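Chains as they are written, first to last, in the working numbering: chain W, 61 to 294; chain R, 649 to 983; chain A, 733 to 1023; chain P, 4 to 400; chain Z, 7 to 246. Glycine is no exception: its CB is placed at the ideal position from the N, C-alpha and C atoms. Here the structure is a predicted model, which is why all the values come from computation and not from measurement. Quick notes on the structure that follows.
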Amino acid sequence: MLKVEGLNVSYGDLQVLWDVSFEVKEGEIVVLLGANGAGKSTTLKTVSSLVKPTTGSVEFLGARLDRVPSHKVINHGLAHVPEGRRLFPEMTVEENLIVGSLTREAKAKRKTTLEWLYDIFPRLKERIKQPAGTLSGGEQQMVAIARGLMSLPKLIMFDEPSLGLAPIMVTEIFKVVEMVNREGVTVLLVEQNVHHTLAMCNRAYVLENGRITLSGTGEEFLNNDHIKEAYLGI
Amino acid sequence: MKRPSGPFLLLVLLLILPLILRDAYYQHLMILVLMWVAIGSGWNLISGYTGQVLFGAAAFFGFGAYTAALLSSKLGISAWWGLPLGGILSVAIAFPFGWICFRLRGPYFALATLALNEIFRHIATIWESLTDGMIGILVMQTFISKLPYYYVALAIAIFSIVTVDLVMRSRWGYYFVSIREDQDAAESMGIDTLHYKMLSLCISAFLIGIAGALYTNYMGFIDPKVVFSLHEISIMAILVGIVGGVGTIYGPLVGAFIMVAVQEIFRTGGFGILHFIGQSTGWPFMSGIIKYVSEAHVLSFGILVIVVILFLPNGIVGDWSLIRKSLVNSKKPAV
Amino acid sequence: MDVFLQTLVAGVLKGGLYALIGLGMTLIMGVMGIINLAHGQFMMVAMYITYVLFHFFGLDPYTTLIISMPSLFLLGVLIQKYLLNPLMKVESILPENQVLMTVGIAMVLTEIARFIFSSNYLSVRTSYSSSAFYLGGISFSVALTVAFGFACFLTLSLFWFLIKTDLGRSIRAVSQDAEAAELMGIDSGRIKVVTMGIGAGLVAAAGTLLLPIYYLFPDIGGPFTRKAFIITILGGLGSTVGAIFGGLTLGLAESFGATYIGMDFEDLVGLVIFLLVLLFVPGGFKRFTKV
Amino acid sequence: MRISSFRLLAIVSSLLISIGLSYAAEGPIKVGVVLPLTGEQAKFGEIEKNSLVMGLEEINKAGGVNGRQIELLIEDDTGKPDVGRSAVEKLISQDKVVALTGGYSSSVTYAVCAVAQQHKTPFLVSTGSSDKITEQGWNFVFRIAPPVSEYPKALNSFLSEIVKPQSVAILYENTLFGQSGAKEFAEQCEKSGIKVLIKEGYEAGAVDFKPLLIKVKAAKPDFVYMVSYVMDAALLMRQSKELNFNPKLFVGGGAGFTLPEFAKNAGNAAEYVFSADLWSPQLPYPGAKEYFENYKKRYGGPTEYHGAEAYGCVYVVADALKRAKELTPAAVRDAMAATDLMTAFGPVKFVSYGKKKQQNALPTYLVQWQKGILETVWPKNVATKPYVYPVPEWSGR
Amino acid sequence: MAFFKVQGIVKFFGGLAAVNGVSFEVKEGEICGLIGPNGSGKTTIFNLINGYFPLTKGEIQFQDEKISGLKTHQICQRGVGRTFQVVKPLKRMTVLDNVIASAFLRHHPRSDAIKLAEETIEFCGLTHYKDKIAKSLPIASRKRLEITRALATQPKLILLDETAAGLNPHELEEAIALIKKIRDSGITIIIVEHIMKVIMTISDHIVAINHGMVIAKGSPTEVVSNPEVIKAYFGEDYRA
């Protein structure tokens, strides 16, 4: 479904990704693991064309996304829920969601999508008219996820959805991610939170210093010491 | 280290220029250029080097000009004392000015200085008992010949350039540029940014204030609309700065020369060339062209600003290497 | 009491017009982060368009809105597309070069107007230009009241547009988080162009509405640019509701200043309030409006 | 890098200089003119320029000066003193003019006069109305127009003979013209026992005068004296009408209140408004009416007193050139000082009184808008129509 | 008496506590590592020590003097230098000028400042880049320039914020060597670092933070085996 091959990405003269390749198949949950600064967010930004690679390609359902301007990526059925949620703080919850459905198809189904999402996130329904900036961190994350789903994507990318959340909220967010996947949306997840993600993912890749150093199934990873080394340096 | 000979040659040229160029008209233009060098240098120090874009240079210019004029009209002291005093009082006004404006950064700083500029102009207009309002103040000119004014203006211009040059070579200069490049980094390097921004503003105010006092002495007449003018002084100061080269020692010199020259070329229809062509050929449409050209001098300033900002963002001196490259090697894009 | 009420009415009516001027500037500020120092000059251009249509084609000034607003929209679009957007890529020592660019644009617009129309004062005289009606001894200028009404209407339309349409929501999204907006499929470059157009269109409306009671010459832009940025900062940068508060505040401050301090101080009062707000209420009146 | 940039500078500057010097043509008698032809004041510069050119052509057609033609070298001062000075320096030192005229804004005129005086070149000021210009003891500076303080001369006699008011409100624009006009008038009122209830300036270009006017209305002055320029004047009158403010008189201090645009813009609110005036085509001066008609025919628009001043100037200059012993600036000055000429603008004779030197002393007039026409109503001997006083209330107009 | 002491510092942004009651001490001459997952508040703590943000509550002491409440530049003058996570070089100045600007803090005649700057550049191994414009440097050198500039203020305590992020293995080795060299020259160091390899090898003492609170303190091995720390990094029920 999504095929990333040989990505090299630099910010000015600072190269952050070195020959990164990976693949996501339809219906999967794939996790990109890695310590801070390893290049996870950059990878996602490159996939959604916010950052242009120096070499390499991003292919999604037969289209070369790296050749598409970033605002058109969503038309191909790929949504990106960015790190730090990035809601529109002065707009209400509902408006945030609506802005997620600006593509033609999504717009046509806006009403039903909204109802569907309010079913999934009953908590948001209570806060439709509240400015997004006034919500708690967990609620904001839910709005961000829901906003991503509003475009009815075939694949959705989450960038550290558990960041800065209390442990209980983290568990809940991951439940949501699994649920989204059960609804038939393929998921590409970037996380630090190793345990949760590995337990639920189909496959995982490890990024270290801008390079993919490991790949395999979740089970394989749970028992691999390399992860621990990458994270804790022991 | 060998001293660069360029500035020295220039100095000699400027010193003997009025002796070669006896024409009072060109001497007058040169005096204006030199006055703008001082204003431009002052603007450049706070804006170009310290990075705090000043939209209110006229506040200091007007203050210096009024200091000189009031000395003469109210106290009967020679307006020439206005040169040092105008500078000093401009520094005094720079303190509250800075206290207000330096709470703000970037464009907000710029707007605050613009607002203060306007406030000063209004006060000078309304406070008729002191300033005579728009009736203005007359100061009798001391000399008939242009030469004394020329050399005073030259001295002020040299003083400005040398001051800025010396400051920029000193610790202060390093601090000013550090503040421009990154205020947070500067703070964490132990630089009291507020203090040094204020210092920079004070030096700027001093130079611009002296130029204002020179204006009073030379022109002999001031009113609030002339010396506190947003367009003729504040914006013009910015133009001199950015056209010549932001953050360069000799940028204001080049900028002042170009701005005065452009104004005169347009105003006079290419120093009479168009007129001459019109007369010698007898083409009737030449007079129309002359009219349009002479009306276009402010338009040309506007276009100059747009072109410089888009293509020479660092001004003529700042982007000199770029210009030279494109002149020498015009086929290839100069980057 | 009459003096007070008449001052109040004068301030509110003028404030409505100011709000309209400030709204466009605020919108531009919010989305582009640019202080548009050519805003008053946009207004001047619109006034000339109205003048020409009235003078040569006999169109009523109010009907010329349907031409002046789209024309200025186009002007704004062209300026953003060909002068301001390319500037994003130019690296310069002074980050304020966008503001300086708008100063250059303002000069060029003014001088082009002078080229075409000379410096003469021009005006548009209609039957309602100098008529007034009275409510309890308080006089309401017909044209100013109509202008106020139009200003309210346009303001409400703008709100409707910003809140209810996808394009409006996109504009707000870009102003709050441009990168996130890109991820939602919004072309922020295009939104900037459109926003500049809308901002110019709004101030065009203000100019056209003002013309029947005022007059016109090329340098009229400068004072209105100054008023516009005062309003924008009073209102809290980028806040549309704030711009209305800012406009009314400035209108009232000027009127009450003129009545109770002195007409000399009219402009001064505005400027001093501007500085005070800038210094002591960093968010402008946005702080008190919560929107 | 530095050196080469300076070399370029040197080349450019020497090029400019050589061009400037090479342009010096032989020909007719040269007279310099400094006027604002661009910028905010261009409108008046244009009227004065047109009038000068018209007068010049008439003179040249009639044989010029002693058989020689006159050439006017007209320079734009853009309304800025430093630029005006550039212009006059150029006229004197490069074009070697024998006399100068023009001068619209007072600040520019002052700067320019100082230069003329220093270079001993006679300067006949057409407008520059600041009193101070002829108070400097400059013997090369002459002024054809009365200074701003004398504009309301005729008004004063009208007030003391007919209206006998107790109180006045003075409104003025914050320009040299407004501030000095208001100051002088307030002093004159105090002297003649008229109480100044309100004296308040405003920044030219205000949108709304109502706050000011309701305050004035509440103070109930007998009459209102306004020194305003045309558009502000029209707004003031319109808004006075809207406020139904009915003092005994509205009087303009010249400038804006006498122009056709005022009547056009104020509409019926202009009716019965008085104004001080320096000149009108109905005055019994030879050529006044013809000048007005010819101007209208040739330039398609009406002229007013600024134009008449300039038109008078060119005749005065020609007269002085004619009488000058030789064509040097000093001789022309001497001839000009002895001027005694009747022009379309009025009699011209340069006299010294008070602090003033070489100032043309002219009577001024009171005019009133009646049925959309500006009629001269005072002094009686030159009146074209009797004055309308008392003025009916707004509801009765 | 502690050399450097942070006592119950609290920082609220809006209603959220970014730092909530953090206390720790640093002894003279040691390297103290500050670790924690992304967003746990480490950089905020640096900004509080450095005076960039005012404290909501608590106190910071340096050499028995209260430094909280002072301005950033005053804190620097007291002898606390810092580097930034996102490097802030003075872009249009040369490397030498960057460092001279710092060196002026304690060395007034220009010649002295230049001498110190050159020595510091030498010390940090940037001599090769001395006359280059700062913005043209590769990232590793820019990070090094941050350290050089901080050292030129001759601090007694230096705060290093992610000095090693984005470096390749070879550069990493060099960075570690430099940090050790700085410590050996008698300067106390507090370091925030994500690359555990770096922090484990050089720290004498580690403070782990999560959600703006201290969850563990002690030697590197102690902290890494602390269940709270593992939980913070790997999630609730990771089996270590």
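| Check | Outcome |
| --- | --- |
| Near-chain P residues of the segment 867-883 of chain R (beta-carbon distance less than 9 Å), N- to C-terminal order | 867, 868, 869, 870, 871, 872, 873, 874, 877 and 880 |
| Contact list for residue 823/A against chain R, beta-carbon separation under 8 Å | 961 |
| Residue 801/A vs residue 933/A beta-carbon contact at 7 Å | yes |
| CB contact check: residue 148/P to chain R, cutoff 7 Å | no |
| Straight-line gap, residue 995/A to residue 207/P (C-alpha atoms, nearest Å) | 11 Å |
| CA nearest to the CA of residue 811/A, picked from 928/A, 973/A and 984/A | 928/A |
| Residues near residue 298/P by beta carbon distance below 6 Å, same chain, minus five either side | 306 |
| Contact the segment 346-363 of chain P vs the segment 313-330 of chain P: 3+ CB pairs below 8 Å | yes |
| Residue-chain proximity (residue 680/R, chain P), Cβ-Cβ < 7 Å | yes |
| 7 Å Cβ cutoff, residue 835/R in contact with chain P | no |
| Proximity of residue 215/P and residue 990/A at Cβ, strictly below 7 Å | yes |
| Short CB-CB distance (under 7 Å) between residue 223/W and chain Z | yes |
| Separation of residue 85/W from residue 778/A, as counted between CA atoms | 57 Å |
| Three-state secondary structure (DSSP) of residue 937/R | helix |
| Where residue 188/W falls, given that 16 or more other Cβ within 10 Å makes a residue buried | exposed |
| Residues, ordered as in the chain, of the segment 896-911 of chain A that lie near chain W by beta-carbon distance below 8 Å | 898, 901, 902, 904, 905, 908, 909 and 911 |
| Closest Cα partner of residue 57/P within the set 343/P, 357/P and 290/P | 290/P |
| As assigned by DSSP and simplified to three states, the class of residue 729/R | helix |
| Neighbour flag for residue 95/W against chain Z, beta carbons, 7 Å | yes |
| Outcome for residue 775/R when other beta-carbon atoms lying within 10 angstroms are tallied against a minimum of 16 | exposed |
| Interface residues of chain A facing residue 368/P [CB-CB closer than 7 Å] | Within chain A, no residue comes near residue 368/P; the closest Cβ sits about 24 Å away, beyond 7 Å. |
| Any chain A beta carbon closer than 7 Å to residue 971/R | no |
| Members of the segment 768-782 of chain R near chain A, C-beta cut-off 7 Å | 770 and 774 |
| Residue 116/P versus residue 138/P: straight-line alpha-carbon distance, rounded | 12 Å |
| Inter-stretch contact at 8 Å, needing at least 3 Cβ pairs: the segment 220-229 of chain Z / the segment 186-193 of chain Z | no |
| Own chain residues within Cβ distance below 6 Å of residue 234/Z, not counting five before or after | 221 and 222 |
| Test: residue 105/Z CB closer than 7 Å to a CB of chain R | no |
| Residue-level contact to chain A via CB, residue 53/P, 7 Å cutoff | no |
| Interface residues of the segment 743-758 of chain R facing chain A [CB-CB below 8 Å] | 748, 751, 752, 754, 755, 756 and 758 |
| Spatial neighbours of residue 105/Z in its chain, beta-carbon cut-off 7 Å, leaving aside the 5 residues before and after | 123, 126, 127, 154, 155 and 158 |
| Rounded straight-line distance, which links the Cα of residue 759/R to that of residue 167/P | 51 Å |
| Residues, ordered as in the chain, of the segment 173-187 of chain P that lie near chain R by beta-carbon distance below 7 Å | 177, 178, 179, 182 and 183 |
| Residue 221/P and residue 260/P closer than 7 Å at C-beta | no |
| 7 Å Cβ cutoff, residue 858/R in contact with chain A | no |
| CB contact check: residue 159/P to chain A, cutoff 7 Å | no |
| Contact between the segment 762-779 of chain R and the segment 695-704 of chain R (3+ Cβ pairs under 8 Å) | yes |
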